[in-house]
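Chemist: Got a structure for you, written out below as structure tokens; questions coming shortly.
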Amino acid sequence: MSLEQQITTLAKAAVKDLYNIDASDAQIQLQKTRPEFEGNITMVVFPFVKMARKAPAQIATEIGEWMLNNQMANGQIVNKFNAVQGFLNLTISDAFWVEQLQDIDADDFYGRFKCPNGKCETDQMLMMVEYSSPNTNKPLHLGHVRNNLLGYSIAKIQEANGWKVIKTNIVNDRGIHICKSMLAWLKYGNGETPESSGKKGDHLIGDYYVRFDKEYKAQIAEMMAAGKDEETAKREAPLMLEAQEMLRKWEAGDPEVRALWQKMNGWVYAGFDETYKRMGVSFDKIYYESNTYLEGKSEVEKGLASGQFYRREDGSVWADLTKDGLDEKLLLRSDGTSVYMTQDIGTAKLRFRDYPIDKMVYVVGNEQEYHFKVLSILLDRLGFPFGKELVHFSYGMVELPNGKMKSREGTVVDADDLMDKMIADAKEISKDKVNTLQGITEQEADEIARKVGLGALKYFILKVDPRKNMLFNPAESIDFNGNTGPFIQYTYARIQSVLRKADKNLALNGVEQLPLDPKERALIQRLLEYPATVRAAGDDFSPALICNYAYALACDFNSFYHDLSILNEPDARKKALRLLLAKTVAKVLNRAMELLGIEMPERM
RNA sequence: GGUCCGGUAGCUCAGCUGGAUAGAGCAACAGCCUUCUAAGCUGUGGGUCUCGGGUUCGAAUCCCGACCGGAUCACCA
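Counting in the numbering used here, the first sequence runs from 350 upward without gaps.
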């Protein structure tokens with residue numbers, strides 16, 4: 350039983366006995382005691398003021414005294430108390446803290462849960478998490494980086510919360526945008542390949558996507574100069590017509606178009622694989638739009654037949670969502686080709702056919718909230734029971750100082766470039782560390798720089814509330830000091846350094862009798878908060894909570910480390926206890942960072 | 001215009017299921033390495049929590065209304 354649970358039980362018994370109040374767990378408000386007061390944990394007694402009809406300070410005192418006199422059978426937990434107005438500050442006995450520390454050390458599953466929300470089904474509950482979902486017409490940028498890191502981290506966090514998680518990716522490998530790069534490559538590429546150009550495949554294709562946009566805009570300008578209005582020019586520009594023609598050919602299975610598509614997508618995948626691998630993200634199952642859109646089409650046809658959808662005169666198919674307070678939504682174009690929504694319907698169907706999914710989570714930007722609202726309704730109408738239940742994990746955009754990133758306009762922060770930069774910066778900083786990094790090979794130094802550089806990047810992104818938009822200023826480099834990934838990694842590396850030098854066989858006999866230093870106590874109390882943090886991060890889908898926790902734990906440790914010596918402590922039992930404390934902090938830090946996909950270096 | 005999200009220190013962000021004097025980091029300034037890794041520690045300065053009402057023992061937090069910023073409402077994805 351956790352400390353909070355034990356205090357809650359005690360407090361409930363106290364108010365029952367003293368005032369005959371049957372309090373619920375929620376009415377027992379506990380919080381950490383503020384540092385300016387004596388004590389470790391504080392009970393807020395205001396909720397009982399009315400019913401007890403006494404002054405807050407008196408109630409607090411009475412409950413405190415009751416607790417001292419009536420502790421549970423399993424030993425003395427509350428040692429002392431003081432009452433300040435309606436706040437009952439409880440001091441917990443040192444023996445209790447030490448026992449708790451030993452329990453954490455012995456628990457291989459500390460901070461992991463067997464089942465979600467305490468509800469265990471016969472089979473493990475299965476959550477599918479979709480993230481990344483790239484288009485194969487351009488390389489990954491900073492927006493994708495946020496998506497990938499969030500998706501991966503959320504999968505890890507949910508696993509720790511007891512879910513079986515399938516990480517999945519839907520690759521948008523077909524459609525008009527793909528045809529645009531293909532067309533531009535055919536027209537202007539002169540047969541350029543990744544090999545001939547030395548470019549990464551995804552970057553090569555991205556260049557042609559940008560090229561298409563440039564030429565297309567030139568055509569529009571030309572047509573407008575010749576007297577056409579903008580709408581007409583956009584619609585009738587030869588390049589756009591050609592791209593649309595190519596899409597029709599693709600859907601018709603034209604061998605030449607398909608062969609080109611295969612070849613160019615192959616280049617992109619090779620590029621993506623490299624980026625994913627470096628970023629440290631992975632997938633258990635990948636779906637391709639080219640394999641799912643037909644399924645979606647046939648579902649739309651079924652919906653048409655059953656009267657859920659309707660066809661307009663021009664042949665296009667629509668869903669009327671006005672009853673749900675939304676608009677009418679296009680599902681098939683007048684030329685019969687499918688849209689984004691169509692493929693998502695097909696993908697959902699296939700996924701639920703492939704896996705016994707209990708919860709489907711889409712990690713997709715908040716700009717697509719409308720899309721997922723509609724998808725949920727459409728799936729429901731088509732008779733899929735999971736339609737209503739799907740979760741759109743809607744995260745905020747990454748913005749640059751002058752606004753949103755736009756691939757077509759080239760105002761993006763490229764994922765590969767950014768990782769290069771971070772690792773190079775980490776390498777540069779480590780050059781000053783001649784003392785701690787002496788004697789290591791160049792290869793080891795590179796590996797440390799990789800972990801630290803990526804750690805800085807990942808933490809930078811994951812520490813902000815995922816629902817909020819965040820700002821990235823390319824002109825300012827990402828920090829390696831302060832509330833950062835490297836700070837956590839550094840704390841861990843420090844501990845490892847101490848542990849390497851320590852005698853491994855120090856006895857812990859009788860450590861329960863040791864009086865603790867306040868810094869030691871604070872550290873143990875912090876360690877005890879970890880499981881609840883994992884729960885909260887799972888409930889809220891928020892890796893940021895893990896970041897905040899890891900930062901607080903590292904701060905507590907560094908303060909402890911600064912004030913108290915571990916290896917030079919003369920008292921053998923104290924030394925053993927501090928080593929245990931350090932070891933446990935390292936274990937929990939490492940475990941927390943695993944949930945973020947951040948690797949820990951043994952030295953740095 | 002409808003819907004949704006946000007507004008906290010110069011900057012980037014915590015805190016938001018209501019609790020004690022609103023916190024970090026960066027930037028600025030001042031200290032701490034012959035002793036376990038100074039990517040660290042300690043301190044100083046910096047705030048009308050956008051504004052106005054309301055709810056109550058108590059509001060940055062909940063409710064209502066303004067103002068400002070963003071997203072979205074495509075035969076784009």
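Note that CB positions come from ideal geometry on N, CA and C, so glycine has one too.
Distance check for Glu353 and Val394, CA to CA, integer angstroms please.
Modeler: As a first step, residue 394 is located in the first sequence; it is residue number 45 there, counting from the start. As a first step, residue 353 is located in the first sequence; it is residue number 4 there, counting from the start. Their backbone Cα atoms lie some 15 Å apart in a straight line.
Chemist: Taking the alpha helix (DSSP H) that His741 belongs to, which residues open and close that run?
Modeler: Taking the first residue of the first sequence as 1, we reach residue 741 at position 392. Here His741 belongs to no alpha helix (DSSP H); instead the beta strand (DSSP E) covers 740 to 744.
Chemist: What is the residue span of the alpha helix (DSSP H) that Arg383 lies within?
Modeler: The count along the first sequence starts at 1 and reaches residue 383 at position 34. No alpha helix (DSSP H) contains Arg383, which DSSP labels as neither H nor E.
Chemist: Output the boundary residues of the beta strand (DSSP E) element that contains Val710.
Modeler: Within the first sequence, the letter at position 361 stands for residue 710. Unbroken beta strand (DSSP E) run through Val710: 708 to 714.
Chemist: Just to confirm, are Lys646 and Leu670 a CB contact at a threshold of 8 Å?
Modeler: Taking the first sequence and counting its residues from 1, the one referred to as residue 646 is at position 297. Taking the first sequence and counting its residues from 1, the one referred to as residue 670 is at position 321. No, these two residues do not count as a Cβ contact at 8 Å.
Chemist: Specify the secondary structure class of Phe436 as computed by DSSP and reduced to three states.
Modeler: Here residue 436 refers to the residue found at position 87 when the first sequence is read from its first residue. Residue state, collapsed to three classes: strand.
Chemist: Note down the Cα distance separating Ile776 from Lys923, rounded to an integer number of angstroms.
Modeler: Counting from 1 along the first sequence, the entry for residue 776 is found at position 427. Counting from 1 along the first sequence, the entry for residue 923 is found at position 574. Sequence check: residue 776 is Lys here, not Ile. Their backbone Cα atoms lie some 38 Å apart in a straight line.
Chemist: Check this for me: beta carbons of Ala805 and Met771, under 8 Å apart or not?
Modeler: Reading the first sequence from its first residue, position 456 is the one you call residue 805. Reading the first sequence from its first residue, position 422 is the one you call residue 771. Contact flag set, yes.
Chemist: Is Ile370 helix, strand or coil when you go by DSSP?
Modeler: In the first sequence, residue 370 corresponds to position 21, counting from 1. Coil.
Chemist: Which same chain residues end up closer than 6 Å to Asp522 when comparing Cβ atoms and leaving out the 5 residues on each side of it in sequence?
Modeler: Taking the first sequence and counting its residues from 1, the one referred to as residue 522 is at position 173. Result list for Asp522: Thr485, Asn614, Tyr637, Glu638, Ser639, in chain order.
Chemist: With a cut-off of 8 Å, do at least 3 Cβ pairs link the stretch 812 to 828 to the stretch 933 to 941?
Modeler: With a cut-off of 8 Å on Cβ pairs, the stretch 812 to 828 is not in contact with the stretch 933 to 941, counting fewer than three such pairs.
Chemist: For the candidate residues Gln378, Ile441, Gln449, whose alpha-carbon lies nearest to that of Ala435?
Modeler: Within the first sequence, the letter at position 86 stands for residue 435. The question names Ala, but residue 435 in the sequence shown is Gly. With distances taken between Cα atoms, Gly435 lies closest to Gln378.
Chemist: Compare the C-alpha of Pro919 against each of Gln717, Tyr537, Leu855, Gly946 and name the closest.
Modeler: Locating residue 919 in the first sequence gives position 570, where the first residue counts as 1. It is Leu855 whose Cα lies nearest to the Cα of Pro919.
Chemist: Do you know offhand how far Thr581's Cα is from Tyr565's?
Modeler: Translated into positions along the first sequence, residue 581 becomes position 232. Translated into positions along the first sequence, residue 565 becomes position 216. Looking at the two C-alpha atoms, the distance is approximately 13 Å.
Chemist: On the DSSP bridge assignment, give the partners of Leu679 in chain order.
Modeler: Residue mapping note: residue 679 aligns to position 330 of the first sequence, counting from 1. According to DSSP, which records beta bridges pairwise, Leu679 is partnered with Trp667.
Chemist: Going by DSSP, what residue range makes up the beta strand (DSSP E) through Ile515?
Modeler: The residue you call residue 515 lines up with position 166 of the first sequence. Run containing Ile515: 513 to 520, per the beta strand (DSSP E) assignment.
Chemist: Could you spell out the range, first to last residue, of the beta strand (DSSP E) harbouring Phe632?
Modeler: Position 283 of the first sequence, counted from the start, is the residue given in the question as residue 632. Element bounds for Phe632: n/a, residue is neither H nor E.
Chemist: Could you check if Lys399 is buried or exposed, using at least 16 other CB atoms within 10 Å of its CB as the buried criterion?
Modeler: As a first step, residue 399 must be located in the first sequence, where it is residue number 50. Result: exposed.
Chemist: Take Asp765 as the anchor and find which of Asp663, Lys800, Met628 has the nearest alpha-carbon.
Modeler: For the purposes of this step, residue 765 is taken as the residue at position 416 of the first sequence. If you compare the alpha carbons of Asp663, Lys800, Met628 with that of Asp765, the shortest gap goes to Met628.
Chemist: Taking C-beta to C-beta, are Asn497 and Phe632 nearer than 8 Å?
Modeler: Reading the first sequence from its first residue, position 148 is the one you call residue 497. Reading the first sequence from its first residue, position 283 is the one you call residue 632. Not closer than 8 Å, so no.
Chemist: Cα separation between Val514 and Met477?
Modeler: Taking the first residue of the first sequence as position 1, residue 514 is located at position 165. Taking the first residue of the first sequence as position 1, residue 477 is located at position 128. In a straight line, the C-alpha of Val514 is about 6 Å away from that of Met477.
Chemist: Assess contact between the stretch 776 to 795 and the stretch 856 to 873, defined as three or more Cβ pairs (one per stretch) separated by less than 8 Å. Is contact present?
Modeler: no
Chemist: Run through DSSP, which three-state label would Lys429 get?
Modeler: Taking the first residue of the first sequence as position 1, residue 429 is located at position 80. Reduced to three states, the DSSP call for Lys429 is strand.
Chemist: What does DSSP give as the partner residues of Thr760 in its beta bridges?
Modeler: Taking the first sequence and counting its residues from 1, one reaches residue 760 at position 411. For Thr760, which the question treats as bridged, DSSP gives the partners Lys755.
Chemist: Between Glu508 and Glu861, is the Cβ-Cβ spacing less than 8 Å?
Modeler: Position 159 of the first sequence, counted from the first residue, corresponds to residue 508. Position 512 of the first sequence, counted from the first residue, corresponds to residue 861. Not a contact, by the Cβ cut-off of 8 Å.
Chemist: At what residues does the alpha helix (DSSP H) containing Ile453 begin and finish?
Modeler: Residue numbering aside, residue 453 sits at position 104 when the first sequence is read from its first letter. Note, Ile453: alpha helix (DSSP H), 443 to 455.
Chemist: What does Ile390 pair with, by DSSP beta-bridge criteria?
Modeler: Position 41 of the first sequence, counted from the first residue, corresponds to residue 390. Answer by DSSP bridge pairing, in chain order: Lys381, Leu439.
Chemist: Roughly how many whole angstroms lie between the Cα atoms of Glu793 and Gly555?
Modeler: Indexing the first sequence from 1 puts residue 793 at position 444. Indexing the first sequence from 1 puts residue 555 at position 206. Between Glu793 and Gly555, the C-alpha separation is close to 34 Å.
Chemist: Which residues bound the beta strand (DSSP E) around Glu479?
Modeler: For this step, residue 479 is matched to residue 130 along the first sequence. 475 to 479 is the span of the beta strand (DSSP E), which, as asked, contains Glu479.
Chemist: Following the continuous beta strand (DSSP E) through Val747, name the residue where it begins and the one where it ends.
Modeler: Start at 1 with the first residue of the first sequence, and residue 747 comes out as number 398. 747 to 749 is the extent of the beta strand (DSSP E) around Val747.
Chemist: May I ask you to report which of helix, strand or coil DSSP gives Phe1039?
Modeler: Residue 1039 lies beyond the range of the chain shown here (350 to 953); nothing can be said about it.
Chemist: Drop a sphere of 10 angstroms on the beta-carbon of Thr691, count the other beta-carbons inside from all chains shown, and report buried for 16 or more, exposed for fewer.
Modeler: For the purposes of this step, residue 691 is taken as residue 342 along the first sequence, with counting starting at 1. With 16 or more other Cβ atoms within 10 Å, it is buried.
Chemist: Rounded to the nearest angstrom, what separates Asp888 and Ile810 at their Cα positions?
Modeler: Start at 1 with the first residue of the first sequence, and residue 888 comes out as number 539. Start at 1 with the first residue of the first sequence, and residue 810 comes out as number 461. Taking the straight line joining both Cα atoms gives about 20 Å.
Chemist: Tell me which residue opens and which closes the alpha helix (DSSP H) that Phe721 is part of.
Modeler: Numbered from its first residue, the first sequence carries residue 721 at position 372. Taken as a continuous stretch (DSSP letters only), the alpha helix (DSSP H) holding Phe721 covers 718 to 730.
Chemist: Distance check for Ala533 and Gly547, CA to CA, integer angstroms please.
Modeler: As a position in the first sequence, residue 547 is number 198, starting the count at 1. As a position in the first sequence, residue 533 is number 184, starting the count at 1. Between Gly547 and Ala533, the C-alpha separation is close to 19 Å.
Chemist: I'd like to know whether the C-beta atoms of Ile895 and Ala903 end up nearer to each other than 8 Å.
Modeler: The residue you call residue 895 lines up with position 546 of the first sequence. The residue you call residue 903 lines up with position 554 of the first sequence. Taking 8 Å as the Cβ cut-off, Ile895 and Ala903 do not qualify as a contacting pair.
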